[in-house]
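Working notes, beginning with the structure itself.
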Amino acid sequence: MSLTCLETLGINQLKQGATFFSVLTGNTQALGDGAEFSAHSPIDGARLSQFKNATPSQLHEVNKELQEAFAILRNIPAPRRGELVRRIGEEARKYKDELAQVISLEAGKIVPEALGEVQEWIDVCDFAVGQSRMLHGLSIVSERPGHRMMEQWQPLGPVAVITAFNFPMAVWAWNTMLGLVCGDPVLLKPSEKAPLCALAMYRIAQNVLADMPDIPKAVVSVMIGDRELGEAIAASDTFPLVSATGSTAMGRAVATTVAGRLGRSLLELGGNNAMIVSKSADLDLALRAIVFSAAGTAGQRCTTLRRLITHTSIVDGVVERLTKSYQSLPIGNPLAAGTLVGPLVDEDSFARMQAALATAQQQGGEIICGGQRVTDGVPAGGFYVAPAIVRIAHDAPIVQQETFAPILYVLTYDDFEDAIAMQNEVPQGLSSAVFTENLREAEYFMSPAGSDCGIANVNIGTSGAEIGGAFGGEKETGGGRESGSDAWRNYMRRTTNTINYGGDLPLAQGIVFE
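Numbering (my numbering), first residue to last: -1 to 512.
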C-alpha cells in the first residue's frame, strides 16, 4: 500500500518525529497535550498515523488566534475572500488524485467515490466564489415618511466544524468554503478515524494562504482530538456556530451544549432512508439506483438506502433480480480497479452489522443474501462484508434504527398512501426516493402530505446529492442545511437597518410621544 500521496501533499512534514501535529492554525503547529492514539486503514488494518489528542487547554489558545483572525477577515471584501476560495479550489484540483488516495486509505472508499468526494470540494469552491458576490440583503418599504429600511448580512464569527469519517473532505468543504466567503474563520475537528484527511485539507489551504498575506493563516485551522475536545468546542463562546456531522446521539449532545450558551448548531445526523418502488416503476432504472444507494461506500453514507418499500405485486421479482446483482458485486481492496464495495471502517462497525442482522432475524426477518464477512481475495486485516438483503415487516423495531452498514430491509405495500406512511414512520428524515411512472404518485410524494425528508427524489436514488441544493434533513437528522441554495446564511448574521433621511422623527405604529 503506497503512501507517496502523503509526501506529495506535504503531510509528512506536519509532524515531530513519528507523531503528527494535532494543533494547526497556520501560525501554530504543535503536538497535542493529551493521550496518544493511532489511526488505522480500513483496507488492511495497518497503522497509518500516530497523534496525541489536542486538549481543551490548547483550544483556549487557538480561540485567541481565531478571534484575532476574525477581526481582520470580516473587514476584507467578500470578493477577495472569494479569491481565497477560488485558489483553494485550484490547488485541490491540482492534487485531486493524491487527495482521493488519502480518502481511500483512511475511509476505505473505492477510488471513483474518493475522486467524487474531492470533486465535491472543488465544485463547492466554484459555488462559493460566485456566492461571494451575492451576499444579498433586502430593501424594505418603511411605513414612516423620509425613512428607508434594509437588511444586511454580516460575518458571524469563528465557526467550528466537527466531521465524521465517511465524508472527511466534502463536509469540511461545504462548511469551510462558504464560511470563508462569508467572513468566518473555520476550525475543523475531524473524526479520529480520518486525521490525515484533515492534514491534507489544511496543507492545501495553507499553500494558498502563503501567497495571500493580507488574510490571516488561522482562518483555516485544525485540532485533532477525542470527545473531550469536541465537548469543549461545543461549550466555547468563541463559536457562534457549531456545525456537527455524525450520529444522532452526538448531535443531541452538541445541540444541548450549544443551546445552553444560546449559540447556533447546524446538525447533519442519522439517515434511515427509504425508496418506494411502485408497480409502474421502470425496474431497470430502479435496480441500478438501489444497488448504488444501498451498497455504495459499503453502506456507510448518511444517505445510504436502508429501506426498500416495494409494491406487493412486484416484490418477488425485484428481490430476485436484486439478489443476483448483489452476488456479482466486486468486493475488495478499494484501491484496486474494478472494486465496487470496499471495507467497513473497522471491527466495531462489523460487530454492529452482525448484531443488527441477528436482531432482525429474532424479529421475524429473513436474510435473503449477504451479511457474512468476506475473506477471500481481499486484504487481510480489513473487515469486508457482503451487502445484505433482509425481508422483514415494516414495523419491526430494528427497521426504525440506522445501522451504518450495507443492510437493505425489503418491505411491502399495497396502497401508495400506506407506502408514504411507512416512509415517514421512522424517527430520521434525511433522504427519500420514489420510482414511479405515475405522475400522481410522483407529485403526491413531493407534496406536503408526502415524504417528510429534507431530500425527496423521483426516479433517482437516495445517494449522490449535488452541491447546488441545500443538503440536510428533518426530525432526528437535525434540521441542518449545508452546501448550496441559501445555506450560506447559516454562516452570517442579519441586521435590519433604518435610515432617516427626513427632517422629522415619526415613530412606528403611529405612536406620539411628545
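Every residue gets a Cβ at the ideal spot worked out from N, C-alpha and C, and that includes glycine.
Residue i and residue j closer than 8 Å at C-beta
| i | j | result |
| --- | --- | --- |
| S276 | N436 | yes |
| A90 | I120 | yes |
| L178 | L46 | no |
| I366 | V397 | no |
| L185 | L64 | yes |
| I497 | R146 | yes |
| L564 | E149 | What the structure shows of the chain is the stretch from -1 to 512, and residue 564 is not part of that stretch, so it cannot be assessed. |
| D31 | G379 | no |
| S461 | T302 | yes |
| V159 | W170 | yes |
| E115 | I101 | yes |
| F49 | P193 | yes |
| L320 | L285 | yes |
| V157 | Y407 | no |
| A216 | A67 | yes |
| R79 | G181 | yes |
| F290 | G106 | no |
| K473 | Q426 | yes |
From the options, residue whose alpha carbon lies closest to that of residue i
| i | options | result |
| --- | --- | --- |
| N61 | S102, L29, A33 and A233 | A233 |
| K13 | I222, G336 and V139 | I222 |
| I138 | T493, S326 and C3 | T493 |
| S263 | G43, G477 and E512 | G477 |
| P341 | L1, S39, A16 and G32 | S39 |
| F402 | F443, Q129 and A293 | A293 |
| E96 | E464, K50, G470 and E5 | E5 |
| Y324 | G269, R259, P404 and M351 | P404 |
| A506 | I74, I108, P193 and G144 | G144 |
| E229 | A216, G258 and K215 | G258 |
| I390 | E415, R371 and T357 | T357 |
| Q298 | S55, S347, V127 and L285 | S347 |
| D374 | R350, F414, L406 and G330 | G330 |
| A334 | A296, V376 and V316 | V376 |
| D209 | I86, Q129 and R142 | I86 |
| R131 | I312, G315, P211 and L176 | L176 |
| N457 | A287, P214 and A203 | A287 |
First through last residue of the alpha helix (DSSP H) which encompasses residue i
| i | result |
| --- | --- |
| K420 | Reading off the sequence, residue 420 comes out as Met, not Lys. Per DSSP, M420 belongs to the alpha helix (DSSP H) from F414 to N422. |
| C195 | P193 to L207 |
| M351 | E345 to Q360 |
| F443 | L437 to F443 |
| T321 | V313 to Q325 |
| R72 | Careful: R72 lies outside any alpha helix (DSSP H) and carries neither H nor E. |
| E364 | E364 -> not in any alpha helix (DSSP H); beta strand (DSSP E) instead, spanning E364 to C367. |
Boundaries of the beta strand (DSSP E) in which residue i is found, first to last residue
| i | result |
| --- | --- |
| F433 | S429 to F433 |
| F35 | E34 to H38 |
| A386 | A386 to R389 |
| S483 | Looking at the DSSP string, S483 is not in any beta strand (DSSP E), and its letter there is neither H nor E. |
| S47 | R45 to K50 |
| L82 | Where L82 is concerned, there is no enclosing beta strand (DSSP E), although the alpha helix (DSSP H) it sits in stretches over A76 to K92. |
Own chain partners of residue i with C-beta closer than 7 Å, once the 5 adjacent residues on each side are dropped
| i | result |
| --- | --- |
| Q359 | I365 |
| R8 | In the sequence as displayed, the identity of residue 8 is Gly instead of Arg. Within the same chain, G8 has close Cβ partners R201. |
| F125 | I465, G466 and G482 |
| L428 | G269, N271, C300, T301, C451, G452, I453, G471 and T475 |
| A513 | Nothing about residue 513 can be read from this structure; the chain reaches only from -1 to 512. |
| H309 | V275, S276, K277 and Y411 |
Proximal residues to residue i (C-beta, below 8 Å), its chain only, five neighbours per side dropped
| i | result |
| --- | --- |
| R483 | One point to set straight first is that residue 483 is Ser, not Arg, in the sequence displayed. G466, G467 and A468. |
| I307 | A272, M273, I274, V275, H392, L409, T410, Y411, A417, M420 and Q421 |
| G261 | D235, F237, P238, L239 and V240 |
| Q27 | L12, F19 and V21 |
| E226 | G32, N51, T53 and P54 |
| R350 | T401, F402 and A403 |
Proximal residues to residue i (C-beta, below 6 Å), its chain only, five neighbours per side dropped
| i | result |
| --- | --- |
| T174 | V184 |
| A162 | S189, T243 and G244 |
| N51 | G30, G32, A33, G223 and D224 |
| G363 | V388 and I390 |
| G369 | L355 and A386 |
| I74 | none |
| V339 | A293, A296, L327 and I329 |
| L197 | I9 and L12 |
Exercise. What are the start and end residues of each continuous alpha helix (DSSP H) run of 4 or more residues lying completely inside the stretch 109 to 180, in chain order?
Worked result: 109 to 129 and 168 to 179
Exercise. For the stretch 221 to 307, which segments carrying the beta strand (DSSP E) assignment without a break, of at least 3 residues, lie completely within its bounds, in sequence order?
Worked result: 239 to 243, 262 to 266 and 271 to 275
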